[in-house]
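Chemist: Quick one: structure below, then a few questions.
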Amino acid sequence: MSFDFADRVERVEPSATLAISNKASELEAEGVDVVDLSVGAPDFPTPENIVEAGKNAMDAGHTGYTSSNGIPALKEAIAAKLRDDGVDAESDEVIVTPGAKQALFETIQTLIDDGDEVALLDPAWVSYEAMVKLSGGSLNRVDLAPYDFQLEPALDDLADAVSDDTELLVVNSPSNPTGAVYSDAALEGVRDLAVQHDITVISDEIYQEITYGVEPTSLGSLEGMEDRTVTINGFSKAYSMTGWRLGYLHAPESLVSQAAKLHSHSVSCAVNFVQHAGVEAIENTDEAVTEMRDAFRARRDMLSELFAEHDVDVPVGDGAFYMMLPVDENDQEWCAGAIEDAHVATVPGSAFGSPGYARISYAASEERLREAVERLAEHGYL
Ligand code: PMP
Ligand code: GLU
Numbered sequence: 012m013s014f015d016f017a018d019r020v021e022r023v024e025p026s027a028t029l030a031i032s033n034k035a036s037e038l039e040a041e042g043v044d045v046v047d048l049s050v051g052a053p054d055f056p057t058p059e060n061i062v063e064a065g066k067n068a069m070d071a072g073h074t075g076y077t078s079s080n081g082i083p084a085l086k087e088a089i090a091a092k093l094r095d096d097g098v099d100a101e102s103d104e105v106i107v108t109p110g111a112k113q114a115l116f117e118t119i120q121t122l123i124d125d126g127d128e129v130a131l132l133d134p135a136w137v138s139y140e141a142m143v144k145l146s147g148g149s150l151n152r153v154d155l156a157p158y159d160f161q162l163e164p165a166l167d168d169l170a171d172a173v174s175d176d177t178e179l180l181v182v183n184s185p186s187n188p189t190g191a192v193y194s195d196a197a198l199e200g201v202r203d204l205a206v207q208h209d210i211t212v213i214s215d216e217i218y219q220e221i222t223y224g225v226e227p228t229s230l231g232s233l234e235g236m237e238d239r240t241v242t243i244n245g246f247s248k249a250y251s252m253t254g255w256r257l258g259y260l261h262a263p264e265s266l267v268s269q270a271a272k273l274h275s276h277s278v279s280c281a282v283n284f285v286q287h288a289g290v291e292a293i294e295n296t297d298e299a300v301t302e303m304r305d306a307f308r309a310r311r312d313m314l315s316e317l318f319a320e321h322d323v324d325v326p327v328g329d330g331a332f333y334m335m336l337p338v339d340e341n342d343q344e345w346c347a348g349a350i351e352d353a354h355v356a357t358v359p360g361s362a363f364g365s366p367g368y369a370r371i372s373y374a375a376s377e378e379r380l381r382e383a384v385e386r387l388a389e390h391g392y393l
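12 is the number of the first residue of the sequence shown in the numbering used here; add one for each residue after it.
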């Protein structure tokens with residue numbers, strides 16, 4: 012039989028990041044040694060104390076449903092963490108989700124109707140566009156590429172782009188895919204525009220713990236932003252917990268009670284024992300987080316030096332574990348060639364709205380990163 016699919020699913024493509032990582036896995040299954048720099052997943056094991064907490068929670072019988080928005084201990088730990096960041100948060104303004112992706116999905120579904128305008132700062136992580144399209148929204152994209160991926164010099168462009176018709180703006184600092192950490196002046200510029208045009212802002216802070224020598228500011232901590240910011244965060248990156256699926260949103264109570272309806276009718280709740288492990292992650296994992304951060308920083312520095320040796324100047328951000336390598340205008344062809352010939356997997360910049368680049372995730376060992384650069388150079392990709 013032929014199905015009559017809903018328009019909303021036909022409007023979107025599968026996630027490009029996950030599609031390329033699947034392609035890398037397929038080649039590996041055929042016996043090819045692929046250096047996979049595509050998917051953004053820390054390559055460290057989840058810290059032992061978190062694993063223990065998860066196991067203990069299972070042994071203690073925390074295996075049933077929890078209250079839909081999350082267990083009180085985790086919601087309180089999250090609210091306390093947000094208060095440390097200067098966000099005026101209470102635990103009943105938090106929804107604990109299976110991954111930050113679900114938190115973003117629920118937020119966008121809650122706010123965006125057919126035709127509502129959502130502004131993105133390009134390059135922007137692949138799933139924002141898809142989530143907006145799934146909700147029927149229209150996209151308004153502001154390009155940061157001409158400004159070395161920084162937001163502050165692009166504020167005039169943003170001011171020209173947004174208007175009273177803009178419903179939502181998505182800000183992601185530290186950024187996937189550029190690693191840029193936006194300055195306080197940039198965030199204050201966003202705040203001024205959001206207040207002027209009455210725009211709700213999603214602040215996706217999932218890479219917040221992964222910054223090098225700079226302190227990222229939480230957008231929701233700025234005066235004027237408390238009642239219009241949805242802060243998104245999660246455990247995947249900071250604590251190397253991608254497969255545990257744990258994240259959250261914080262927003263004013265009025266928004267939370269609407270999003271909670273979607274949450275209760277879709278996922279019911281995040282996994283019970285995983286939520287218990289999340290409390291341990293927030294409260295007792297500083298040392299492991301610092302070790303991972305230091306390792307990412309060393310890799311970033313090594314990688315940009317290696318590219319410089321090949322006369323490739325890569326804009327380097329102060330956070331996350333990504334960089335955008337300038338490549339041919341046809342970045343899709345470049346990435347397809349790089350994986351086929353050099354067996355190095357990267358994601359085309361065009362998937363993020365910025366053609367002419369390939370995103371590299373440097374969440375891989377120094378040895379594999381060296382190998383990747385050597386292979387790219389050997390096969391004429393640098
Ligand atoms: N936001 C950004 C910017 C991301 O890169 C990711 C990557 N996975 C997510 C949200 C979602 O993360 P998760 O669902 O694993 O918590
Ligand atoms: N966020 C990561 C990435 O950009 C993981 C994959 C995904 O969820 O898109 O590679």
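For glycine and all other residues, C-beta sits at the position ideal for the given N, C-alpha and C.
In this text, all values refer to a predicted model and were calculated from it rather than measured experimentally.
Rounded C-beta distance between D342 and P326? I'm assuming under 8 Å.
Modeler: Taking the first residue of the sequence shown as position 1, residue 342 is located at position 331. Taking the first residue of the sequence shown as position 1, residue 326 is located at position 315. Going by Cβ atoms, the distance from D342 to P326 rounds to 15 Å, so no, they are not a contact pair.
Chemist: If I'm right that N244 touches Y259 with Cβ under 8 Å, what's the distance once you round it to whole angstroms?
Modeler: Within the sequence shown, the letter at position 233 stands for residue 244. Within the sequence shown, the letter at position 248 stands for residue 259. At roughly 6 Å, the Cβ-Cβ gap stays under 8 Å, so N244 and Y259 are in contact.
Chemist: Indicate, with yes or no, if ligand 1 has a heavy atom lying under 7 Å from the CB of P111.
Modeler: Along the sequence shown, read from residue 1 onward, the residue named residue 111 stands at position 100. Reading the sequence as shown, one finds Ala at residue 111 and not Pro. Checking the Cβ of A111 against ligand 1 gives yes.
Chemist: Taking 8 Å as the cut-off, does the region 266 to 279 touch the region 332 to 351 (at least 3 CB pairs, one atom from each stretch)?
Modeler: Touching, no.
Chemist: To the nearest angstrom, how far is it from the Cα of G289 to the Cα of H261?
Modeler: For the purposes of this step, residue 289 is identified with residue 278 of the sequence shown, where counting begins at 1. For the purposes of this step, residue 261 is identified with residue 250 of the sequence shown, where counting begins at 1. Each residue's alpha carbon lies about 16 Å from the other.
Chemist: What's the call for V225, buried or exposed, on a 16-neighbour Cβ count within 10 Å?
Modeler: What you label residue 225 is simply residue 214 of the sequence shown in a count that begins at 1. Classification of V225: exposed, given that the 10 Å Cβ count is below 16.
Chemist: Helix, strand or coil for H287 per DSSP?
Modeler: Counting from 1 along the sequence shown, the entry for residue 287 is found at position 276. DSSP places H287 in helix when its eight states are reduced to three.
Chemist: Going straight from the alpha carbon of L179 to that of P263, what length do you get?
Modeler: For the purposes of this step, residue 179 is taken as residue 168 along the sequence shown, with counting starting at 1. For the purposes of this step, residue 263 is taken as residue 252 along the sequence shown, with counting starting at 1. Spanning the two alpha carbons is a distance of roughly 15 Å.
Chemist: Any heavy atom of ligand 1 closer than 7 Å to the Cβ of I371?
Modeler: Start at 1 with the first residue of the sequence shown, and residue 371 comes out as number 360. Answer for I371: no, Cβ out of range of ligand 1.
Chemist: Could you pull out every residue in the same chain whose Cβ sits closer than 6 Å to the Cβ of I89, ignoring the five residues on either side in sequence?
Modeler: By one-based count along the sequence shown, residue 89 stands at place 78. The answer, listed in chain order, is V105, Y259.
Chemist: How would you call H274, buried or exposed, if buried means at least 16 neighbouring beta carbons within 10 angstroms?
Modeler: Translated into positions along the sequence shown, residue 274 becomes position 263. Buried: at least 16 other Cβ atoms inside 10 Å.
Chemist: Do you know how far the Cα of L230 is from the Cα of L131?
Modeler: The residue labelled residue 131 in the question sits at position 120 within the sequence shown. The residue labelled residue 230 in the question sits at position 219 within the sequence shown. Spanning the two alpha carbons is a distance of roughly 16 Å.
Chemist: Could you compute how far the alpha carbon of S268 sits from the alpha carbon of E140?
Modeler: For the purposes of this step, residue 268 is taken as residue 257 along the sequence shown, with counting starting at 1. For the purposes of this step, residue 140 is taken as residue 129 along the sequence shown, with counting starting at 1. S268 and E140: Cα-Cα distance of roughly 25 Å.
Chemist: Taking just the CA atoms, how far does T228 sit from Y76?
Modeler: Within the sequence shown, the letter at position 65 stands for residue 76. Within the sequence shown, the letter at position 217 stands for residue 228. Between Y76 and T228, the C-alpha separation is close to 34 Å.
Chemist: Below 7 Å, is the gap between the Cβ of L132 and the nearest heavy atom of ligand 1?
Modeler: Within the sequence shown, numbered from 1, the residue matching residue 132 stands at position 121. For ligand 1, not one heavy atom lies less than 7 Å from the Cβ of L132.
Chemist: Would you kindly work out how many angstroms separate the C-alpha atoms of F318 and Y368, rounded to a whole number?
Modeler: For this step, residue 318 is matched to residue 307 along the sequence shown. For this step, residue 368 is matched to residue 357 along the sequence shown. Roughly 14 Å separates the two Cα atoms.
Chemist: Closest by CA to S247, which one among V98, F14, P56?
Modeler: On the sequence shown, position 236 is the one that residue 247 refers to. Here the closest residue by C-alpha is P56.
Chemist: Straight-line CA distance for V241 to A100?
Modeler: In the sequence shown, counting from the first residue as 1, residue 241 sits at position 230. In the sequence shown, counting from the first residue as 1, residue 100 sits at position 89. Taking the straight line joining both Cα atoms gives about 11 Å.
Chemist: Using only the heavy atoms of ligand 2, determine whether one of them is closer than 7 Å to the beta carbon of A35.
Modeler: Position 24 of the sequence shown, counted from the start, is the residue given in the question as residue 35. False, no ligand heavy atom lies under 7 Å from that Cβ.
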